[in-house]
Amino acid sequence: MIDLPAPDRQVIARRDQIAAALKAIVPDGVASDPASLRAFDRDALTAYAQLPLVCVLPATAEQVSAVLKFAQREGLRVVPRGAGTSLSGGALPLADGILLGLSRMNRILELDYDNRCVVVQPGVTNAAVTRAVQARGYYYAPDPSSQIACTIGGNVAENSGGIHCLKYGLTTHNLMGVELVLINGERLRIGGKFAGAGGLDLLGIICGSEGLLGIVTEATLRILPRPPVTRTLLIAFSGASAAGRCVAGIIAAGIIPAALEFMDRRCIDAVERFCAPGYPPDAEAILIAELDGMPAEVADQCRDLSGIAGQCGATAIRGCADEAERARVWSGRKAAFGAMGRLKPDMLCMDGTIPRAALPQMLEKISALSDHYGLICCNVFHAGDGNLHPLIVFDCMKEGELERAEAFGADILKLCVEMGGVLTGEHGVGVEKKALMGEMFSDADLNQQQRLKCAFDAASQLNPGKVFPVLHACVELGRMHVRDGRVPFGNLPRM
Amino acid sequence: MSQRIEIVSAGTKRDLGRSVGATAILDMSRIAGVVDYRPEELVFTAKAATLLSEFEAMLAARNQMAGFEPADWAPLFGAAAGKQTLAGVVAADVCGPRRVKYGGVRDHVIGCRFINGAGELIRAGGPVIKNVTGFDIPKLMCGAFGTLGVLTELTFRVLPRPQNAATLVLRDCAPHAGLAALIAAAQLPVEASGLAYCPHDTTPYSGAFIRVDGTTAAVSEKLGLLKQQFHALDFTMLDAVETDQLFRTIGDGSVIGADGDIWRLCVPPAAAAKAIARAGADVWYADWGGALLWLRMPATAQSAEKLRAIAAELGGHATLFRASAEARSTIGVFEPEPPVRAGLTKALKQAFDPHNILNPGRMFPYL
Ligand SMILES: Cc1cc2nc3c(=O)[nH]c(=O)nc-3n(C[C@H](O)[C@H](O)[C@H](O)COP(=O)(O)OP(=O)(O)OC[C@H]3O[C@@H](n4cnc5c(N)ncnc54)[C@H](O)[C@@H]3O)c2cc1C
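Residue numbers (the working numbering), protein chains in the order written: chain A, 5 to 499; chain B, 5 to 371.
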């Protein structure tokens, strides 16, 4: 269950008038009839749906600015949306909110090889960036599995990762600048083709802000020259804990693979049935390791990594002979989410991160929870950085299964925090994990974060109801500071 | 009247930024000590005023390093080297040449604890590398010069130390050719971890410098690729030890020398040659592939106007890095903010330090 801010009936009653005003700003991009709005009623957290009040699809930053100015003047809520692939409900609409879709702003504005960057509009898909530069031997490193669909605006808002972020970083490490439109319609450039901030690092907090601080209308992204050699190894184990030990061993040996992915028995089975990537049939767990760089360097690292895997009891180590085999091995990993559909109609994808050393212990606990809740959980991890994706499969139509699946998921995330980890590694808090924020943060921590939000959006109009378990009015947060820093009832838990 | 508190740890960079006009000094130097170092997790947590040298020695003992290659600017400000603390490095954004490969300080601070201006102890980020839970406040603390909070604890991600390193030196190249060589090198798949250029009469080094690192096999392969690229130019090579010395000098700014005012100008690398020609500094050199220009130029209103016009035209920002306290206060240190951005900065200050007591005025009159 999630609770969103109570819709304002008076706003809903003004739907037609609001749609007309938006049409005056974006003549060819407003939808307000239920049939058209249906297409935007949820993101990839499919269990929750809500028709927005209206949907507006601007084509320019000027239009975004005008829409926000209008929204601020009228006191309306705004939910930004890219491609709607968020797994945490970040783009879940509000009944009284304008859904602001950025997908039409999908032009690549500039390819600048001398400064090793590209400038794109927010609706450009992640994969389109690499496609635009690959003929010149470049690529854009962050590669979420959703990359053919998800947008750069969404990637910036979620600080998305991907299979290769172990070596090359998340979106935040590859983002050089943005144009941001604030809720009052003002446009602001932050960063660019140069290093450093020249003031506070606003770019650092924009990235990963889940649409709560402003609308990204342009992004400058770092591109990298493609490494000359890439080698992919498929390593099988007779037990998950051996695979966990192998991961720790690789990192301890000073090897940072480009990717290091883990799958457990259940996931391997599901994927084999789905797309037959040819994983070893008797494996209890597999690791997919990818090494890239210069030829001799990669050869050395493959040898060292295979040695470590052998010491950890690997039952098979297979190097991919050619590009076709490599693509096949990765196809299984990339299809993992889709393959769950063969097991049960619905799936919840968890996203906690834990210290790598806790992997084996975590797997045992998840298995015990799976028995406890009577639900299947398949494990696929970005093992190299301890980012877990337990996939809980269930059937929404069966009485109580959604609730059980959510409780199971919440238990996993609480365990992550207990083991010294965090609630979300790359999918964001959204609506999905906001109730759990208190597991990780104190009231003071959360209030500080909300005050940061207030600095950008004092009336909480941008994506309200996301990230924070309790939404305080900004004036209420400000009032804590009265009387010379002496907070009233300083020794009681506040709010 | 509320207090104006200047936050000091080792105090090696008190002359960087505008002066605070403190009514009180908060000496943080006792908030020190390693909390948790897990080499196998590549994560290090310590109290804020832990010495950088202690951090680096512990990492070196486990064949690891800080990816942002912290420089030591203390001698530039007439202070002793080797005394700076983690909090100082983070707050002043002290990042060395390795930034071209691994990013800046902000890319390596994954968690922190700090005390905000209302006296509350706040925790942000966490002890794992991959984390998007809540706003990325640790990044905001990097380079904020203590204006938003008093750092008490920091968590870094650390990296394996490469087995070997070497530098290809292109001797005798004029600024235009030297800076162009850095751009060409950045486009090769050698993952250069240092790209610097010092013009002809600079001591102790001059030339274009391209550092590569990795396994011994990787280093020789990368050098091979570079030699192929620059075969028509006059080059030599530096080994790992010489490479280390060279890039330490580059990061520490000592190339500029002990005298004179210093500006740091950040521009898009491909615009560096243009920026240099226009700036007219008498001593200068380039780091970060041309993205960072160290300039010896007088701290005058004319210099400020010239450099800020260059930054505005080419994209980037200029910082008055070393100058008298008076010049820093009148001319300003950091790139002046346009009104919309200044509005946000003020609102953030209010959100973290509502009484304006933490290093007030250190970055801007309002921050
Ligand atoms: C099959 C599948 C696989 C996935 N794999 C990965 C993965 O490997 N790694 C990973 O990190 N994620 C993954 N995701 C999650 C998701 O794809 C990412 O979070 C992605 O970045 C969302 O992009 P989007 O364009 O779909 O954004 P949306 O889902 O439309 O929006 C996401 C959030 O961003 C905000 N937003 C969108 N555009 C803007 C803008 N221009 N300005 C401001 N705010 C904006 C929205 O309000 C919302 O809060 C996966 C999802 C699916 C369905």
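Glycine residues also receive a C-beta, built at the ideal position from the N, C-alpha and C atoms.
Note that this is a predicted model, so its numbers are computed, not measured.
The stretch 240-255 of chain B touching the stretch 192-204 of chain B, judged by at least three CB pairs closer than 8 Å: yes
Other residues of its chain near Met-389(A): CB distance less than 6 Å, five sequence neighbours each side excluded: It should be noted that the sequence gives Asp, not Met, for residue 389(A). Cβ neighbours of Asp-389(A) beyond the five flanking positions: Leu-170.
Helix, strand or coil at Tyr-143(A) according to DSSP, with G and I counted as helix: strand
Beta-carbon gap between Val-295(B) and Ala-247(A) smaller than 9 Å: Residue identity check: residue 295(B) is Ala in the sequence provided, not Val. Going by C-beta atoms, Ala-295(B) is not nearer than 9 Å to Ala-247(A).
Residue burial classification, Ala-43(A) (beta-carbon count within 10 angstroms, cutoff 16): exposed
Distance cut-off 8 Å: Val-83(A) Cβ against heavy atoms of ligand 1: At least one heavy atom of ligand 1 is found less than 8 Å from the C-beta of Val-83(A).
Buried/exposed call for Ile-141(B), threshold 16 Cβ in 10 Å: buried
Simplified DSSP state of Phe-338(B), which is helix, strand or coil: coil
Residue-level contact to chain A via CB, Ala-222(B), 9 Å cutoff: For Ala-222(B), the answer is yes, since a Cβ of chain A falls inside 9 Å of its Cβ.
Per DSSP, cross-strand counterpart(s) of Asn-381(A): Correcting the residue identity first, residue 381(A) is Cys in this sequence and not Asn. Per DSSP, Ile-396(A).
Where the stretch 286-307 of chain A meets chain B: residues whose CB sits under 8 Å from a CB there: For the stretch 286-307 of chain A, which is checked against every Cβ of chain B, the residues closer than 8 Å are Gly-297, Met-298, Pro-299, Ala-300, Glu-301, Ala-303, Asp-304, Gln-305.
Residues near Ile-6(A) by beta carbon distance below 6 Å, same chain, minus five either side: Same-chain partners within the cutoff: Val-435.
Rounded C-alpha distance that separates Glu-430(A) from Gly-88(A): 15 Å
Neighbour list for Ala-361(A) in chain B, Cβ cutoff strictly below 8 Å: Arg-42, Glu-44, Glu-45
9 Å Cβ cutoff met for Glu-73(B) and Tyr-41(B): no
Local conformation of Phe-160(B) per DSSP, three classes: strand
Residue-chain proximity (Asp-118(A), chain B), Cβ-Cβ < 9 Å: yes
Where Arg-490(A) falls, given that 16 or more other Cβ within 10 Å makes a residue buried: Residue confidence for Arg-490(A) is low, a pLDDT of 44 falling below 50, so the modelled location carries little weight; the figure read from the coordinates is stated next. In this structure Arg-490(A) is exposed. Its beta-carbon is surrounded by fewer than 16 other beta-carbon atoms within 10 angstroms.
Beta-bridge pairing of Ile-112(A) - partner residues as DSSP gives them: DSSP links Ile-112(A) through a beta bridge to Val-124(A).
3 or more residues per run - each beta strand (DSSP E) lying fully within the stretch 242-304 of chain A: 263-268, 289-297
Spatial neighbours of Gly-293(B) in its chain, beta-carbon cut-off 6 Å, leaving aside the 5 residues before and after: So the list reads Val-104, Leu-186, Ala-190, Leu-199, Pro-273, once near-sequence residues are dropped.
Any non-hydrogen atom of ligand 1 within 8 Å of Pro-126(A) CB: yes
Where the stretch 182-204 of chain B meets chain A: residues whose CB sits under 8 Å from a CB there: Across the stretch 182-204 of chain B, CB contacts with chain A closer than 8 Å involve Ile-187, Ala-190, Gln-191, Leu-192, Pro-193, Val-194, Glu-195, in sequence order along the chain.
Cross-strand partners of Leu-242(B) (DSSP beta bridge): Looking at the DSSP assignment, Leu-242(B) forms a beta bridge with Thr-171(B).
Pair within 9 Å by beta-carbon distance, Gly-211(B) and Asp-265(B): no
Candidates Asp-286(A), Lys-437(A), Asp-461(A): closest to Ala-351(B) by CA position: The candidate whose alpha carbon is nearest that of Ala-351(B) is Asp-461(A).
Close beta carbons around Gln-465(A), own chain, < 8 Å, minus the five adjacent residues each side: Ala-75, Gln-76, Gly-79, Leu-80, Arg-81, Val-82, Ile-187
C-beta contact flag for Gln-88(B) and Thr-16(B) at 9 Å: yes
Cβ-based burial, Val-15(A) [other Cβ within 10 Å; buried from 16]: Under this definition Val-15(A) is a buried residue.
6 Å CB neighbourhood of Arg-249(A) in its chain, flanking five on each side removed: Non-local beta-carbon contacts of Arg-249(A) in its own chain, meaning distances under 6 Å to residues more than five positions away in sequence, involve Cys-316 in chain order.
Between the CA atoms of Ile-335(B) and Met-367(B) - distance to the nearest angstrom: Here the C-alpha atom of Met-367(B) lies approximately 12 Å from the C-alpha atom of Ile-335(B).
Through-space distance from Ala-240(A) to Pro-492(A), alpha-carbon basis: With a pLDDT of only 39 at Pro-492(A), under 50, the local geometry of the prediction cannot be trusted, and no value is derived from it.
The beta strand (DSSP E) enclosing His-2(A), as first and last residue numbers: Here chain A has residues from 5 to 499 only, and residue 2(A) is not among them.
Local Cβ density within 10 Å of Ile-214(B), reported as buried at 16 or more and exposed below that: buried
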